[in-house]
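Going by the working numbering, the letters in the sequence shown line up with residues -1 to 166, in that order.
Note that CB positions come from ideal geometry on N, CA and C, so glycine has one too.
Computed from a predicted structure; not experimentally measured.
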Amino acid sequence: MELLNTSSRTDFPDHVIIGFSEIRSGLSNELLSENEGEEWKKFTNQQRKDEYLSARYLFKEMLIASGLSSEFEIRKHPLGKPYAQNGNETLFVSFSHSKNHVFCAISESTDIGIDTEWLDRKVDQRIVKRILGETEWDVFSDEDPILLWTIKEAAVKCLGTGLRTNLN
-1 MELLNTSSRT DFPDHVIIGF SEIRSGLSNE LLSENEGEEW KKFTNQQRKD
49 EYLSARYLFK EMLIASGLSS EFEIRKHPLG KPYAQNGNET LFVSFSHSKN
99 HVFCAISEST DIGIDTEWLD RKVDQRIVKR ILGETEWDVF SDEDPILLWT
149 IKEAAVKCLG TGLRTNLN
C-alpha cells in the first residue's frame, strides 16, 4: 500500500488521504460487513471480486495507517455512492481501479471523487464528443482524452450520480 496524505498540501482540501495498492487475489472476505458480503457474492467475475476485496482491504489499511478507527463500514447512498459510517462519524470515500491497481480516497471534511486510467488507453473520438459539451469541445478538443475522461468521471463520482449523469 502506498499513501499520499494531502494534509500538508495547499491545493487539496484538509484531511484527504489517497492510497493505492495492487489488486490481490486470495484475500479473505471476512473483513466485509454483512451488506458488503452480499454485494461481493453477487459478482460472478473473479477479477471483479478481487478488485472489490482489494479496495476494502486498502480502505481498512488506510484507516489504520492514518490513525482513524478501523471500525468504519462502507455503505452506499441510493445511487451507489460509497461512504463510511462508524456510529455518528461519517467519512467521504471514493474508489477506482485500473488494470492491476485499486485506488481509494478518504476525506473527513468534504465529498470526494477519484478516478484513474492507464495513459496508454485509447479513447474513441465519439466518446470524447459524448463527454464534452460544445463549449468544452471548443476549448479542450486538443487535450488528452484520458485526462478529460478521468476528470469528468472523478467529478461525477464526487457528485454521487455516477455514470448516470450526462457527462457533457
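Residue i, enclosing alpha helix (DSSP H) - first and last residue
i	result
G167	Residue 167 cannot be examined here, being either before or after the span of the chain that is shown, -1 to 166.
I129	Q123 to I129
DSSP three-state assignment for residue i, whether helix, strand or coil
i	result
S6	helix
P11	coil
K155	helix
E59	helix
I16	strand
L1	strand
S52	helix
I149	helix
Residue burial classification, residue i (beta-carbon count within 10 angstroms, cutoff 16)
i	result
T148	buried
K150	buried
A53	buried
P76	exposed
S92	buried
K97	exposed
G111	buried
K127	exposed
S67	exposed
L145	exposed
G85	exposed
I62	exposed
S19	buried
L30	buried
Beta-bridge partners of residue i, as assigned by DSSP
i	result
T169	There is no way to answer for residue 169, as the model of the chain reaches only from -1 to 166.
R73	Y81
S94	F101
Unbroken beta strand (DSSP E) run spanning residue i, endpoints
i	result
F138	Careful: F138 lies outside any beta strand (DSSP E), inside the alpha helix (DSSP H) at E132 to F138.
S105	H99 to S105
Contact test: residue i Cβ vs the ligand SAH heavy atom, cutoff 6 Å
i	result
A53	The model on display carries no ligand, and the ligand SAH is accordingly not part of it.
Next item on the list: Take every Cβ of the stretch 104 to 111, pair it with every Cβ of the stretch 9 to 21, and state whether three or more of those distances are shorter than 8 Å.
Entry: yes
Check: Taking three-plus beta-carbon pairs below 8 Å as touching, is the stretch 23 to 31 in contact with the stretch 45 to 52?
Finding: yes
Notebook entry, point to check: Would the stretch 77 to 88 and the stretch 27 to 45 be scored as touching if the rule is three or more Cβ pairs under 8 Å?
Noted result: no
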